[in-house]
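In what follows, a structure is listed as structure tokens, so that the remarks can point back to it.
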Amino acid sequence: MEKVELLIIGAGVVGLAIAAELSKQFEDRSLILLERHSKFGQETSSRNSEVIHAGIYYPTGSLKAKLCVEGNRRLYQFCQEWKIPHERIGKLIIARNESEIPVLESILVQGRSNGVTDLEMLDQDQLTKLEPNIRAVAAVNSPSTGIIDSHQLMLRLEWLALEQGAVIAYRHEVVGVDFKGSGYEVTYRNPAGQLESIHCRWLINCAGLNSDQIVSFLGINLDDIGYRIYPCKGEYFSVSNSKSALVSRLIYPPPLKELKGLGIHATKSLDGRLRFGPNAIYSETLDYDVNEDHAQEFYNAVNTYMPFLKSTDFLPDMAGIRPKIQAPGDPFRDFIVCHETERGFEGLINLIGIESPGLTSSLSLAEMVKDLIS
Ligand SMILES: Cc1cc2nc3c(=O)[nH]c(=O)nc-3n(C[C@H](O)[C@H](O)[C@H](O)COP(=O)(O)OP(=O)(O)OC[C@H]3O[C@@H](n4cnc5c(N)ncnc54)[C@H](O)[C@@H]3O)c2cc1C
Numbered sequence: 231m232e233k234v235e236l237l238i239i240g241a242g243v244v245g246l247a248i249a250a251e252l253s254k255q256f257e258d259r260s261l262i263l264l265e266r267h268s269k270f271g272q273e274t275s276s277r278n279s280e281v282i283h284a285g286i287y288y289p290t291g292s293l294k295a296k297l298c299v300e301g302n303r304r305l306y307q308f309c310q311e312w313k314i315p316h317e318r319i320g321k322l323i324i325a326r327n328e329s330e331i332p333v334l335e336s337i338l339v340q341g342r343s344n345g346v347t348d349l350e351m352l353d354q355d356q357l358t359k360l361e362p363n364i365r366a367v368a369a370v371n372s373p374s375t376g377i378i379d380s381h382q383l384m385l386r387l388e389w390l391a392l393e394q395g396a397v398i399a400y401r402h403e404v405v406g407v408d409f410k411g412s413g414y415e416v417t418y419r420n421p422a423g424q425l426e427s428i429h430c431r432w433l434i435n436c437a438g439l440n441s442d443q444i445v446s447f448l449g450i451n452l453d454d455i456g457y458r459i460y461p462c463k464g465e466y467f468s469v470s471n472s473k474s475a476l477v478s479r480l481i482y483p484p485p486l487k488e489l490k491g492l493g494i495h496a497t498k499s500l501d502g503r504l505r506f507g508p509n510a511i512y513s514e515t516l517d518y519d520v521n522e523d524h525a526q527e528f529y530n531a532v533n534t535y536m537p538f539l540k541s542t543d544f545l546p547d548m549a550g551i552r553p554k555i556q557a558p559g560d561p562f563r564d565f566i567v568c569h570e571t572e573r574g575f576e577g578l579i580n581l582i583g584i585e586s587p588g589l590t591s592s593l594s595l596a597e598m599v600k601d602l603i604s
């Protein structure tokens, strides 16, 4: 049986970032990444808002807060170094009425305690100067929030990993994992549909929506340890170019309770398009259809602060699915990044529940995995 030092499951942005980071320290061809699709980033990593978050909302000390704040800085540096298209366009979190101002004040305190140092409160005049078409009474301004071309980011990470000697095997789906005392036997279906196995010393599980299934291959009860994934779909609607030009920053209402999501907000893409989303719909069926009947819900969510929009402006755009470990109604859950030694699985590192801000945190997640290994 073929043997490698380290095997990564999943070529989303996180698996690619880990491959790019760790291939610096492993010998040629001793690091392999298995991905079931024929290309990288075919799931959550290409179906998101492409926002470089600042790290404002998450509880201080949580991995989401730490890795996002650090990941934001790393990602801007990486984008500059490798000329990845991105823009630091900034974001306004708005108060739609006076009663939301205390929420903004608590967001300001939370963000600062997480180490986001450039936040400022804007009154109505200051806000109107920046965004004359937004109707709100105050806003928190986050200048270090930006947008990125996530495809170009993944392309560069893939290139770096390959240049440094990693092997990336597309159309290889992992269908079984056995613990062998000193490493893992990973069984996969190859592109010809045959089952083959490979032995690795380190196994890094970055399988996104399927990361819980990988854990269950080892006979671990997902509910006992809180690793079950509850997929939560998020749909987007976009508007015409002429209306898109009326807003130049990302505009967010205050987040939903228990951080179930950041609320339907307005994002801009690098080509200037204005998109709204994502909503949050828990569902076991993994489909990426956008229900056009939800256009009214989107209109209702934003028309109070973007009065220039009509309900007929909203066109179905795309959808993504969050790999949530927070079941409906549960309190906040943090990212899980765990070397499973305490459960008796030396050499297994699980990354579970890597929802937003996972894109922003991708480079710092890779650094964290490197630290766990060394
Ligand atoms: C609607 C939405 C909006 C978001 N917006 C943002 C944002 O603006 N900013 C931000 O920072 N984050 C955002 N996120 C979060 C971000 O997209 C994710 O955290 C990130 O993409 C997760 O990357 P990943 O590599 O862990 O997972 P994925 O991209 O899902 O990659 C996992 C990979 O594993 C592969 N795989 C699964 N099972 C197997 C198997 N058995 N064998 C082989 N391969 C397998 C899959 O095919 C997939 O390619 C958003 C997420 C959603 C859903």
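In the working numbering, the protein residues as written are 231 to 604. All C-beta atoms in this analysis are idealised placements derived from N, C-alpha and C, irrespective of residue type, glycine included.
Under the three-state reduction of DSSP, which class applies to residue i: helix, strand or coil?
i, result
"D258", "coil"
"A325", "strand"
"T497", "strand"
"H429", "strand"
"Y535", "coil"
"I238", "strand"
"I511", "strand"
"K540", "coil"
"G301", "helix"
"T290", "coil"
"S412", "coil"
"D454", "helix"
"A284", "coil"
"F562", "coil"
"E330", "helix"
Please go through the same chain and pick out, in chain order, the residues whose beta-carbon is closer than 8 Å to the beta-carbon of residue i, but skip the five residues on each side of it.
i, result
"T290", "Q340, S343, N344"
"V520", "E465, Y466, F467, P546, D547, M548, A549"
"K473", "L504, F538, L539, D543"
"H267", "A241, E273, Y400, R401"
"N471", "G502, R503"
"A496", "V477, L480, I481, Y482, L504, R505, F506, V532, M536"
Give the straight-line distance between the Cα atoms of residue i and residue j, rounded to the nearest whole angstrom.
i, j, result
"Y287", "I481", "15 Å"
"G406", "F447", "6 Å"
"L516", "I551", "8 Å"
"S275", "I314", "16 Å"
"K600", "A531", "42 Å"
"G240", "E273", "10 Å"
"L581", "M351", "35 Å"
"Q382", "L500", "12 Å"
"Y400", "K269", "6 Å"
"A475", "P362", "12 Å"
"N435", "I364", "43 Å"
"E628", "D523", "Residue 628 lies beyond the range of the chain shown here (231 to 604); nothing can be said about it."
"Q310", "G411", "43 Å"
"L439", "T375", "26 Å"
"G577", "W432", "5 Å"
"V370", "T358", "13 Å"
"G493", "I511", "12 Å"
"Q354", "S380", "34 Å"
"D453", "N278", "27 Å"
In the DSSP assignment, what are the bridge partners of residue i?
i, result
"H316", "I378"
"N580", "N435, C568"
"I398", "L263"
"A368", "A325, D353"
"T590", "Per DSSP, none; premise fails for T590."
"R419", "E403, L425"
"A525", "Looking at the DSSP assignment, A525 forms no beta bridge with any residue, so it has no partner."
"L602", "Note: L602 sits in no beta bridge, so no partner."
"R552", "C462"
"I481", "L322, A496"
"F308", "The partner list for F308 (beta bridge, DSSP) is empty, contrary to what the question assumes."
"R505", "S468, T497"
Within its chain, find whatever has a CB closer than 7 Å to the CB of residue i; leave out the 5 residues flanking it on each side and keep chain order.
i, result
"S253", "L261, A391, Q394, G395, A396"
"Q526", "S541"
"T590", "I282, H283, C298, G301, N302, L305"
"K294", "Y288, D564, F565, P587"
"E328", "V367"
With burial defined as no fewer than 16 other Cβ atoms inside 10 Å of the residue's Cβ, what is the status of residue i: buried or exposed?
i, result
"G502", "exposed"
"L322", "buried"
"K296", "buried"
"S604", "exposed"
"K554", "buried"
"M384", "buried"
"T571", "exposed"
"Y535", "buried"
"N420", "exposed"
"Q221", "The chain is shown from 231 up to 604; residue 221 falls before or after that span and cannot be answered."
"P587", "buried"
In its own chain, which residues sit with a C-beta less than 6 Å from the C-beta of residue i, not counting the 5 before and 5 after it?
i, result
"E300", "S594"
Using a Cβ-based criterion (distance less than 7 Å to any ligand heavy atom), does residue i qualify as near ligand 3?
i, result
"S446", "Of the ligands one can find in the structure shown, namely ligand 1, none is ligand 3."
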